Each structure stands twice: as structure tokens, then as C-alpha cells.
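Going letter by letter, the sequence shown gives residues 1 to 1231 in the UniProt record's numbering. Ideal Cβ placement from N, Cα and C applies to all residues, glycine included. Predicted, not measured: the structure shown is a model, and the values here were computed from it. Reading through the C-alpha cells given below for one structure.
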Amino acid sequence: RRAGDQSRRRTGRQDEPVFKYYTAVLGDQITLTCTEEQQTVQTEWRRSDGQPLPYGSRLRGGNLTIENAGRDMAGLYDCIVRGLTAQPMTLVRIQVEVIAPLKISFSPPMPMTVLPGDQVSIYCNVTGEEPISSYWHGANNRSLPNSVQVYGNYLRFYSIRVEDAGRYYCTARNAYGNTTRTAEVIVNRNEMVPNQPEYGKRYYQVTRGSTIRLDCQLPSMQSPYLNVQYQWVRREGGLPARAQINGKTLQLEDVTPDDAGHYECIMYYPNKTVVYDSVELAISREGGTTTEQPRQPLVAAGDCRNTDYQCPVVVTVKYKICIQRQWVCKDNMRYICQDRYDPDSCRPIALMESSHTTNSTATRPRIGARTRRPGRPRTRSMKEQPRGRNGRLDGDGVEVDRPKRKPPTFYFAPESLPILQLEPARSYVRPGESITVDCTSSAGTSVPIRWEKADGAPLPYNIRQDGNRLLIANAREDDTGRYTCICYTDDGLRYITNFELQVEDNTIPDIPRTSSRIEYADRGTTARLQCNTDLYPASYQWSRSDGELPADQDHRASVLVLPNVQASDAGTYICKSKSGGQSANVVITLIVNNIIPFFAQSPVSYIEYKPLDDAFFKFYFEITFKPEKLNGLLLYSAQHGANGDFIALSLNAGYPQFRFRFGGEQVMLQPDQPVRRGEWHTVKVNRVRANGFLLVNDQAPVNFPDRLRFHGLNLEGNLYVGGVPNVNTLPAGAVESREGFIGCISQLKVNSREVQLYEDAISTVGLTACETCAEDPCNNGAGTCMESQTTRGYKCLCREGYTGPNCETEGAGCSIDTCGVGRCEETDRGSECYCPLHKTGDRCQYTEHYTDATLAFKDGSYAAYEKLQTKRTVRFRFKADSLENSILAYTAENEQSYGDYMAVILNDGAIELRYTVAGKIKPLILRSTVPIEAGRWYVVSTGRVRNGSGFLQVDDEPVINNDTYRNIAIMLKTMVYVGGYDKRLVISKELGVTRGFEGCIAELETSGNKVNMIEDIRDSANVYHCGTETVLPPRGSDDVEYGEDSTATCRPGRGGPDCQSITDVCLEERPCQNGGVCQTHGGGLNYTCICPAGYLGLRCETQFNTIVAPRFHGNGFVEISPQALEKGPNQLTTEIAIMFSAYQDNGLLLWYGQRNDEEYLGNDHIALAIQDGYVELTVRMDGQESTIRSDGYMADGEQHVALIRRQGNQFHLQMDSLTVHGETRPTGKAR
């Protein structure tokens, strides 16, 4: 939240005060500043109306700080300085305006849980300074769905649906800013899921030695079906060895007592229906019987007789049911169709299943034979009834040789379904807290309930079921999810409802323990990276800091498996493990050996790759090598046939020679100087149509002949590196010496792609390992050497305290947290941070606020925007803080040092446009005639018009044109970099400048389109705001004079005509220590430090031990060892911080005095408690007590931070951002 800050110096006498406006937010701490230069002079603040300063005001270094801005502090304030003149002088006069913060609340409170079909209204209540506008919208300002209506501040659902559940956003705006809050609506539903049916069971008894055929019988209600698949199983184990299956028939020959058991036939229908048929087989020594249960007469639901009553379909949900009319009660038919009856006028009846055809696994309702309460499901019997004597089942009167039948499944009508109720239905908890969830059924407490995770996973170890309750103890972040309460009935149905658990991120995060190690693997082997932590049980998440993880591997396992490792797999892997509120990081650096090939030519060595792509008009390659012999073929590709096109790069007496033949025309290019044996060298070759160059190391480029005619290049054959299978087959003139290359090759780039030397190869012949780390180049053990496909063949992993390419520089190197959210790069000067948008500082620790679209840059800064369109033009304003040669804008064909580019640079005090086309190595240069001065604004317009002519204009000078290469197109494919460039790009040395611009740039236009320099950024680093000054019109405007009173160039954090006004205290003072993030408020003149874990204080200057405890219920406590707080028996200072959420108005938060088992005898102590919803701090020292109380109500369930500071007999209680002061009588210690 920003408060406006404007200032101006009145015209007239020199001693007139500076007049400022300050907008303060109600309840915030504000600071009024005199001037920095007068902070050492005696100053005094007064109110112009003569009233006393507001309560809680304090003076420090010329600044007036008011702890809690109230409405009564509005008015004029004068800063009076003594000692500069004979009389006191009013130096600054500030008009303070106090506004109420813009706040949003919802009625009813969020989140809210409703049922489908409910009418829902949500009111967005907005308070703040009028006028206020507000509106409802979806995520990312998307429009609302058609099912929701908005009336003023009301969001309404007339009949809410399950799909309407989600988050809805209310945004409010006024003249001082805007704010957005989220309303979350949960639509809870009871779901009914039928069990799979199991049909009638038959009983067979046969004689030992007999043969029996068992048929899979279709239930009577199921019509015949084609393409049914049958499967026979035996519940007691596998089928007998003599069993023969033929479709739906199972034949058992020469049966023995071991063949007895329960046989089950499973029928799979094409419509996904699954039907079961069971047979119980008994084996006896004498003849047996085979009987089936006589079936009851069935009535087809679709053919009810005239004497039957047919239930309405709407009543029974889906199925037709026929009931003999004699059993239907008069005027009460609806109830009997819903499995109910009137005991006073009707006799109970039993309705058997009909043969109605259905594709559903659910069956029809039945009328129960026993009296039970309407709407209450009978629970499933948990024990089977025991088998009685004489082959009967006790209680049912069924012969043992008759098939037994499970009671049929039935549906309840919707109005008679039992309801599951959750209390609560959704919970937001913090790590370490505990909660109990009750699941009750409207059918009564005797209905069995089971809890399980919605995804089918077992309940976590800290979550268990106790009766109908779900007990969640010491909640962890990974416990977040959905938990299902299931009610089972004996009628084949289960009813479910879901409980949503959301565990918030730990607001007092623990400091993850980080361990690191290095692991080695040979190329082609399988690497297994183990996340070794002592957390158990734990969740794991793997990531990679310098690349992507393999998609086909499990990233959440404790072991990351990397099969067939190659050079691209080398790098840093990070495993983050969590268990409850604890976390640990394991950083593993994987070093892959034997990735740099050595070509021994014993007798032949080479690598074969696929042909060059799209080489007809243009190609580029770059190769890095270390020769052991100064003759040999490095690279070769050709067209089929002895007289076809070819390209060849070879060494001849140490001179790299590039030879090619296009369309029968043969050319050879050679640099001025040879290369040396045993050193690394890089050769680059670029060709565009008839133009191109050869570049060897840092030597001058060798261009293609000027009068070379264009011929398309046909390279059909594969690309060979280091040699060919037979050098004698090379065409005449391809090489001077017909032999392969002897030495190491560490890097190959073709066009815009870096070739993986082994991974991308079709075949490799005669290669050994180069062993680039054999000589331990990393400063004699200051780092670990890792083979790498780079220009040196290796890179060094420096240990702590060393940095640089060979770990030769003492200093901190890059680690995973060196730059916070930024990117860390190792340079010759040590590690450097490249911070994203809105972050600055040497470790990206500061938050940057942009008041407008005027950006400031320094060397290493850049802002990247979309690439240029067909129109290749750029226009912008700039103001240089330094006249060093630098790059203001840059775009190129690719991110390497070859191809076309266009750049606007500051060179020797003037603006230049430099660009290349068609592979030319030397750029065209257009130079402005306007001399550039530091601190003044200029406008630049430059680029190429459609006919290919280059132009440049600075301010109102005549346009400078250049028609050279006007008919040749320029290829620009990268983003447009402004203020500098990404140092990972390789720019052409012919550009002549590598330093980034230092100054401000505004009003950017690319391809004729205006660019929002903040919102349109695609990538950036170390960009900060330019200050409070406005962009001046271009020089030469009639209404502007440039003189001594022009706006001065102010450093970041300063503004005004003489740079004496502080515009951003965070940039001016950099107050936050130990990696704290500085956030400004109150017009940039006040700040708050957001401290990292383990630090507290106004400037994050104090380190402390973090202790996270679970939820308290009024009868628990955590005792902390005094060693965590005490520095000795007598303490001059005490600092304690505690974060809490209070749900009751009274309770003890903290006691620091006698031990738990000691009697209180008037000891010195510090007590922090909630009293009537307010926080009270009591301090007793040397028999004297003093109590102070916070102003705000804190028992609101929200998170608050209490910070206790004691210095001698003075103590302070800071609640959130408000501070209360107190003291006891003078003394020097607390006992």
C-alpha cells in the first residue's frame, strides 16, 4: 500500500520552507522527514495550529515518527531547524492527510458450504475513503459464469450446482488504490453408490470319482447378451488340475474331496456390467443330489396385469414395479412404492424381482417383510449365520442342498435417503494443529461408518478413525486433501460425503537443513540418487537447478533413477523432503565421467552424425578442440559423388583451413596465425548465401571472397567429426593432409543447436577418454573438477569460500539460496545476482516499486521485450548517468555470436546504430552528430525501413541514412533487449561494446508500437525505477529551456529539485539486515522489514530460535530450556517473539520466570497473556511490576506476532506493527 508524497519549493525568498503533501493510512506507522543534510542539526517538529503532537510521536535524527496514524493527526506539520541562522527557521512544512484503508469483508463469512439447489447470496462489504467502486469477477479478471448473477455488491446463485463450486473475487477501487478478496463456495453433496450385485448361489453334492459340468447361468432379470466373457474361479484357491473350461461351462473329472468348495463364474458384459453366479460343490462317498432353489413367479415390470398396481416411475427413481392390487393400501400407494407401508391398514408384502432387462448393476426396490422406521436403512450383518444340523441353515429354514440367496439390493426414493452430516465440512488448519471431524447419519448412530482418503490411499500415520470420528493430529502440509466418510447399509448401498482439509503453509517456516554431496557416474551407466534424510515418514520432491528432470522417472520417490547417463545429465539435483512441519534439502551434484572424446586414430577414429539441416542457403558450426598433432581432419560433410559439394575443416601445420565447394566452385579460407598444440581452440564458420566468414579464437575474421557467386549447398551425406572411415575417399582438394585429427574435441554446435557429442551420434569409432580433469585444474583442491562440453572441456565446482573459473578467487560462490528468487552466476569477480522484476539488491533481497514506466539500468541490467515484427524500428527516450561506452538496445538472429544483429550503442559520447546482414562480419555504422551529456533526456529513433535502408535520428537532428545492403533482408529473431543484454548471450566482438547502459530509459516503441515497459517485460535482470522526476521533452522544444534549474540526476531513493527528498527509504538506507526484504509504505518514507526464518527485529538484526508447537486447548503447555533464551544468570536485554492465533478471550501465552516445578515466591518474570481479547505484557523486576496492554482486539482467530523487547528497566510490546512502551523503576537486571 503506497501513500502519495509530493513536494515543491515555493517561489520567493530563499528561506521559504519546502512544502510537501503526505497521505497516511489509518493505523499505520508513518515517518515525516526533514532533510538528510540537517539530521545532525537540532530540529523540532510542531503542528502549525499549535496543538500538541499526536500520542506516540517520537523524534529521531530529524524525523518525526508516529506509531499509529489516527484521524486526529491530519493537518500541517512544521520542521524547525535551530543553528543554521540567527533565528529558528521552518525548513519543511508537510500537509498530512489521513485516509481509511480499503477493506473488504463478506457476509456470510468465507468459506461457505452449501448443498446443490440452495439459493446463495454473498454480500461484498467494502469500507474505505469514498467514492469507492467495486465489482465481482472470476480468476485473472475473467468474466463470471452464466449461472451466477450480480446485483450491486451481491453475488447470487438461485439454484447452485456442484459445478458452481469455486472461488469468486470481489475487487474494490478508490482514489488511493485497490484491493481484492476471495470468496470460496463449497458445494457439498451426498453421493449414493450401489455395490456390485451378487446373484443366486446353487448347491451341488456329487459322489467321489464322478464327472460334473457346471454351467454359468444368466440371472433371470438379465437378457441374453452376445460377446459375454466368462471367468471361473474358486474362492478356496486355484481351480483343480483336472478342470476344463469351455466358454461358460466348467467340467470337473474324477472329483475328489479336495475339489469341494465355492466356485464362482464372473460374466463381463460389453456394457461394462459384471454379473456373478456361484456354485457350492460338496463331495460325498455315495450318490448325491443336485437341486436348485425353486424360483418365485416373476412379473415383468413392463407388462403389469390388469389386477396389478404399477408404481409411478418418478417415485421409484428408475424402475417399474408391479404390486398385486390386493396388497396396496387405498390412497396410500405412494408409500408402498417407496418401501413403506401403513401398519394400521395394510399387511406387509414381499415383492420379488422381475425379469425386466437393465444394463445397470443396481436392482429394483423391494417391499420389506419386517417393520422398520421409514427412511432408515438396515445395516449389513457382519457375521454369516451358522450352518445347522441336517443340512439346514439356522433361522432361515432353507435346506442345505438348496441354493442360498442374498437379499436383493434395493433403491431408496430420493426423499427417503439417509443424510450424512459433517462437522466441520471443511477446515483450514496450520501445521502442527489438531482437529476432530464428526460424521453422523440421519439413519442413526448404529449405522457403520468408515473413513478413507478420496484417492484410495491409506490414511496417514497421524490420522486415524475413532468410531464415526476422524482424528487428525499434528497436521502436516502434505495432509491437505479430501477425506471420504462412507456409510454402509445391508441393502447394497453406500452413501458418501467428503471432508476437505487444507493445511496452510507454515507461516513460521522451519529453516530447512541442507546437506550436499557429489556423486560420480560413468557415461552410459545408471545413476541412483538417494535422498538421505532422517525424516520419517516423509514426502519427497526432486528438482534440477540447471535443467529438466527425465519425464519417465518418478520425481516423488526417495531415489531418483537416471538410466544411461550422458553429459546432459550432469548437474545439480535437489531433493526436498518434508515430514510434518520439518523439511530438509539434499543437494546432489552428479558428475558424469568420460564425456569428452579423445581421437587416437589407432588406426581410425571418428564420430558420425546426421546430415546438416537446411544447409542449402545458410549454415553455422562451431567446434572446440585441443590438438596433439597439428595435422588432421576435424569436420567433414559432402554430397554423394566424387564431384559433389562438400565442406571440410582441417589442420595443416597448425593452421585451421576451411575448404568448401559449391556448384563446382572451390574455396579455401585460412587465418593469419596457427594454433598451438596442447591448448584449447574454437573455430566458428558462418555462411549465408554467398557471404560468410571463418573465425579462429580471437583472430581477425576471414571473410568469403567478395565476388563469390551464390550456389545452393547440397550436403546429403552424414556429418563426420574427428575423421572419416576412409580418408582416401575424400575428394581432391578437401584436405591438405589425408589423416584424421588426433586430440580432444569438447564442444560442437551446429546452427542454433548444441550437439551432445555421444548422445546425438549415429556411431562412434576408435574413441577413448580425454580426461580433462587429470591435471586437477581447480586451484589445487579449492574445487572439484567436472568434465563438461565447454570451451575448456571442464568446469570447477568450488567449495565454500572460493569462486572463479578455476576457484582461484576467495569469496562466496553460488548456492541454491545465494540470490533468493534471482539467478546466480559465477564471474571473474565472484558470484553475481541477476534479480527478476520487482527485486533488487546484491542478493535480490529488496522489493522494488515502480511508480511509472521509466526504468533505470546499470551494467548487468536489462529488460527484454517481444521480438521485432516486419518493421525493424526502435524508438525510446534515455538519460545517461554515465558516458561510458555501453549498449542501449540489442537484438540479433540468435543468441550466439554469429548471424545478423542490430544494436544501439553509446560510443565516445554519441549514439550509434550498428547492424550486420547476410553473414557479414563487419557491421554498418550510423553515427549521430548530437553530443550526449549526462543527466539530460534525449529521444532516439532508428532501425531499417522496408527497402532495407538504415536510419538514425537523435532529437531533431537531420535523419542519417545508409543504403548499403538495402536489398538484403536482416534476420532478427531474439527478443529486444533494452538497457543492456543478458550476459548469457554471446555477442559479436565486432560490435565493440560489452558493457550495459547506466541511466534511465522511457517511452519505448518497437516496430511502431508503444510498449508498456513494466507490463510487457518478458525477461529482466536488476531493473529498478528511475526516481520521481518526469521525462523531459526532447531538446529543441519551444516551451522548454535547459538551464541551471533543470531536474538533477538523483541516486535511487532520492528525488526533488536538489535530490534532498527521500522518495524510497528502502533504496536510500537499505535498512534490512540478514537477507530481510524491505517494503516501503507511507509514501516511501517508512518501511517494514520482512525477516527470513530465524531473524526478527525492526531491521532483522536479531537472531532467534524458532519453536513451532501444536494447537493448545487450554490445558497444555510447552516448556523450553532456558538455554534457548538466557545468555547468563543476569540479563541486561531480553528479546522474545511469538506468533499465535487466539480463539478465546482469555489465556496465558508465555511465562518466563520460575521453573515448572518451582514455587512462585515473587520472582522476576515476564508474562504475556490474552485478557478480554487484548494482549497484556506484565514485567516484574526487583519487586516492581508494570503492565502494558495492546490497542487492538487479538482473539479474532487471525495470526498475530508479539515481539517483546527489554533494555534495562524499559520494555516494549510490539503487536504486529504497533508498539506499546512501559518501564519499571530503574534497575539493571532481570532474575
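Cα-Cα separation between residue i and residue j, rounded to whole angstroms
i: glutamate 519; j: threonine 827; result: 25 Å
i: histidine 356; j: asparagine 125; result: Since pLDDT at histidine 356 reaches only 33, below the 50 mark, its modelled position is unreliable, and the value read off the structure follows with that caveat. Whole-angstrom Cα-Cα distance: 58 Å.
i: cysteine 744; j: arginine 792; result: 10 Å
i: valine 917; j: isoleucine 987; result: 15 Å
i: arginine 946; j: lysine 871; result: 7 Å
i: valine 18; j: cysteine 807; result: 54 Å
i: asparagine 1163; j: glycine 1208; result: 17 Å
i: valine 1175; j: glutamate 1198; result: 14 Å
i: leucine 715; j: phenylalanine 658; result: 16 Å
i: serine 1037; j: isoleucine 932; result: Legend: pLDDT at serine 1037 = 41, less than 50; position of this residue unreliable, value from coordinates given subsequently. Rounded to whole angstroms, serine 1037 to isoleucine 932 spans 17 Å at the Cα level.
i: arginine 1070; j: asparagine 1086; result: 12 Å
i: glutamate 292; j: leucine 252; result: Note that glutamate 292 scores a pLDDT of 37, beneath 50, so its modelled location is shaky; the value from the coordinates is reported in the next line. When rounded, the distance between both Cα atoms is 19 Å.
i: serine 121; j: lysine 20; result: 46 Å
i: serine 579; j: glutamate 800; result: 29 Å
i: valine 724; j: lysine 749; result: 19 Å
i: glutamine 601; j: proline 777; result: 27 Å
i: glutamine 666; j: asparagine 718; result: 20 Å
i: glutamine 421; j: arginine 482; result: 15 Å
i: asparagine 1022; j: glycine 1183; result: 56 Å
Integer-rounded CB distance, given that residue j should sit under 8 Å from residue i
i: valine 675; j: glycine 641; result: Not quite, the Cβ-Cβ distance comes to about 32 Å (not below 8 Å), so this is no contact.
i: alanine 690; j: leucine 708; result: 5 Å
i: residue 1232; j: isoleucine 887; result: With the chain running from 1 to 1231 in the structure shown, residue 1232 is simply not present.
i: valine 565; j: leucine 529; result: With 8 Å as the limit, valine 565 and leucine 529 do not qualify as a contact, their Cβ atoms being about 11 Å apart.
i: asparagine 153; j: tyrosine 123; result: 6 Å
N-terminal and C-terminal residue of the alpha helix (DSSP H) that residue i is part of
i: cysteine 1066; result: 1065–1069
With 16 other Cβ atoms within 10 Å as the buried cut-off, status of residue i
i: threonine 1214; result: One point to set straight first is that residue 1214 is glutamine, not threonine, in the sequence displayed. Glutamine 1214 should be labelled buried.
i: arginine 242; result: exposed
i: leucine 1203; result: buried
i: histidine 262; result: exposed
i: proline 108; result: exposed
i: phenylalanine 693; result: buried
i: aspartate 259; result: buried
i: valine 206; result: buried
Cut-off 7 Å between Cβ atoms - residues of its own chain near residue i, not counting five sequence neighbours on either side
i: proline 550; result: Leu562
i: alanine 1142; result: Ile1170, Met1194, Ala1195
i: asparagine 594; result: Asp522, Arg523, Ala769
Spatial neighbours of residue i in its chain, beta-carbon cut-off 6 Å, leaving aside the 5 residues before and after
i: tyrosine 977; result: Tyr862, Ala864, Tyr890
i: aspartate 254; result: Gly209
i: proline 145; result: none
i: alanine 473; result: Ser434, Asn462
i: leucine 1148; result: Ala1169
Close-in-space but distant-in-sequence residues of the same chain around residue i (CB under 8 Å, 5 per side omitted)
i: glutamine 1144; result: Gly1114, Ile1170, Ala1195
i: glutamate 754; result: Gln747, Leu748, Gln789
i: phenylalanine 915; result: Per the sequence presented here, residue 915 reads as tyrosine, with phenylalanine not at that position. Contacts found: Asp900, Tyr901, Met902, Ala903, Pro923, Leu924, Arg944, Gly950, Ile970.
i: aspartate 49; result: Gly75, Leu76
i: phenylalanine 106; result: Ile122, Tyr123, Cys124, Asn125, Cys170, Arg181, Ala183
Unbroken beta strand (DSSP E) run spanning residue i, endpoints
i: tyrosine 1143; result: Run containing tyrosine 1143: none; DSSP gives neither H nor E here.
i: glutamate 264; result: 261–268
i: tryptophan 136; result: 133–137
i: threonine 682; result: 681–688
i: isoleucine 623; result: 618–627
i: glutamate 1003; result: 999–1006
i: serine 543; result: 539–544
i: glutamine 1073; result: Glutamine 1073 -> no beta strand (DSSP E), and no H or E assigned at all.
i: phenylalanine 157; result: 154–157
Cβ of residue i within 8 Å of any chain C Cβ
i: histidine 262; result: In the structure shown, chain C does not exist; there is a single protein chain.
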